[in-house]
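K.L.:
Starting off with a structure, shown below.
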Amino acid sequence: MFFAKTLTGFLFGLSLSLPAVGQTVVEVLAGADQKLLAYLANTQSLKANFLHEQISSGGRLQRFSGVMALARPGQFRWDIQKPYAQLQLITGKTFLLYDPDLNQLTERTLDEALEATPAGLLLSSGPQAKGLIEKRFTLTNLPDRDGLQWVRLSLKREADASKALLEVGMDESGELAAFFMQDAMGRQSRVLLAHRQRNTSLPKSLFEFNPPEGTERLRQ
């Protein structure tokens with residue numbers, strides 16, 4: 122990673138579990154992929170508290186918590202509040218990371234690697250979501266676990282298919298509730314979303330940032 126602190130927000134993880142005894146695969150798998158596509162197609166904005174647990178390939182566990190926000194088109198905010206402050210913003214094709222402890226702002230241009238992340242998935246929301254998602258991913262319904270219905274998204278590009286694992290958990294009401302991700306280096310993460318507010322009016326200021334005077338600016 123090119124940042125002094127752990128870059129969080131895009132690598133989410135959760136261990137797998139088996140379906141409950143007595144449930145058939147058909148019963149367990151029904152509808153998770155369609156719920157996800159419908160959710161994304163009808164999402165204009167989203168705000169939620171998050172708990173993010175990240176496990177390194179060596180087994181080290183780190184926990185982060187904060188607030189995330191999404192607004193169409195192309196705006197995403199990941200505001201870490203504990204155990205330290207770190208702000209990540211996406212606006213269009215630009216990614217900003219602000220570290221107040223270092224008084225440092227890093228800017229980079231996003232690339233296709235964003236697609237296979239929770240942020241990339243959420244940024245696909247809107248009326249064209251179904252076409253975008255089905256063009257990029259193969260969707261596979263998984264057995265229920267942790268009280269949620271799960272769908273796995275596998276990149277269709279052969280060169281990228283084995284590099285990352287992304288799964289999404291939907292609750293009974295069809296709301297997105299959790300993410301799981303494993304990267305090519307074996308790092309796993311999970312994110313749980315709470316106090317979710319969907320399709321409410323969000324202030325434009327949430328997706329704007331003016332760094333304090335004297336902030337060091339880096340361009341990647």
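The number in the numbering used here is simply the position in the sequence shown, starting from 1, with 121 added. Glycine residues also receive a C-beta, built at the ideal position from the N, C-alpha and C atoms. Bear in mind the structure is a predicted one, so any value in this text is a computation, not a measurement.
My output table needs one value for G187: the three-state DSSP class, helix, strand or coil.
P.N.:
The answer is strand: DSSP assigns G187 an E or B state.
K.L.:
For the region 229-238 and the region 209-217, state whether three or more C-beta atom pairs, one from each stretch, are separated by less than 8 Å.
P.N.:
These segments touch.
K.L.:
So, at 6 Å on beta carbons, what are the nonlocal neighbours of E174 in its own chain, with the 5 sequence-adjacent residues on each side left out?
P.N.:
Excluding sequence neighbours, E174 sits near R184, R311.
K.L.:
Kindly identify the DSSP beta-bridge partner or partners of H316.
P.N.:
According to DSSP, which records beta bridges pairwise, H316 is partnered with nothing at all.
K.L.:
Am I right that A206 and R198 are in contact with their C-beta atoms under 8 Å? What's the rounded C-beta distance?
P.N.:
In fact, because the Cβ distance is near 13 Å, the residues do not count as touching under 8 Å.
K.L.:
Check each candidate in L263, Q270, Q303, D220 and name the one with the smallest Cα separation from P239.
P.N.:
Here the closest residue by C-alpha is Q303.
K.L.:
If you drop the 5 nearest sequence neighbours on each side, which residues of the same chain put their C-beta closer than 8 Å to that of R193?
P.N.:
Cβ neighbours of R193 beyond the five flanking positions: T164, Q165, S166, S246, G247.
K.L.:
I'd like the span of the beta strand (DSSP E) that includes Q303, first residue to last.
P.N.:
Run containing Q303: 297-303, per the beta strand (DSSP E) assignment.
K.L.:
Assuming S169 contacts L314 (C-beta within less than 8 Å), just tell me the rounded distance between them.
P.N.:
Sequence check: residue 169 is Ala here, not Ser. Contact flag correct, Cβ pair sits at about 4 Å.
K.L.:
Taking the straight line between their C-alpha atoms, what separation do you get for S268 and A299?
P.N.:
Reading the sequence as shown, one finds Gly at residue 268 and not Ser. Distance between the alpha carbons of G268 and A299 is about 11 Å.
K.L.:
Assuming M306 and S178 make a contact with CB atoms under 8 Å, what is their CB distance in whole Å?
P.N.:
Right, their Cβ atoms sit about 6 Å apart.
K.L.:
Using a Cβ-Cβ cutoff of less than 7 Å, which residues in the same chain neighbour I201 once the five nearest sequence positions on both sides are dropped?
P.N.:
Once the five neighbours on either side are set aside, the close Cβ partners of I201 are T129, F185, G187, Q207.
K.L.:
Quick check on L182: buried or exposed, where buried means 16 or more other Cβ atoms within 10 Å of its Cβ?
P.N.:
Exposed, by the Cβ-count rule.
K.L.:
Could you check whether W271 and L260 sit closer than 8 Å to each other, using their CB atoms as the reference points?
P.N.:
In this structure, W271 does not lie closer than 8 Å to L260 by Cβ.
K.L.:
What span of residues does the alpha helix (DSSP H) with K256 cover, start to end?
P.N.:
Where K256 is concerned, the enclosing alpha helix (DSSP H) stretches over 250-257.
K.L.:
By Cβ distance below 7 Å, which residues in the same chain neighbour F258 in space, the five residues on each side in sequence not counted?
P.N.:
Closer than 7 Å at Cβ, skipping near neighbours: L274, S275, L276, K277.
K.L.:
On the DSSP bridge list, what partners appear for K156?
P.N.:
Answer by DSSP bridge pairing: none, since K156 is not bridged.
K.L.:
Closest by CA to K156, which one among R340, F330, E337, E293?
P.N.:
Nearest option by C-alpha distance: E293.
K.L.:
Is it right to say V146 is buried, meaning 16 or more other beta carbons lie within 10 angstroms of its own, or is it exposed?
P.N.:
Here V146 scores only 33 on pLDDT, less than 50, and its place in the model should not be relied on; the value that follows carries that caveat. Burial call: exposed.
K.L.:
Would the beta-carbon of G195 be found less than 7 Å away from any heavy atom of the ligand NAD?
P.N.:
No copy of the ligand NAD occurs in the structure displayed, which carries no ligand at all.
K.L.:
Between Q309 and A285, what straight-line distance do the alpha-carbon atoms span, to the nearest angstrom?
P.N.:
Taking the straight line joining both Cα atoms gives about 10 Å.
K.L.:
Sorted by chain position, which residues of the same chain lie with C-beta nearer than 8 Å to L161's C-beta, five sequence neighbours on each side aside?
P.N.:
Answer for L161: L242, L243, S245, S246, G247, A250, K251, I254, listed in chain order.
K.L.:
Please confirm whether N224 and G335 have their CB atoms less than 8 Å apart.
P.N.:
Yes, these two residues count as a Cβ contact at 8 Å.
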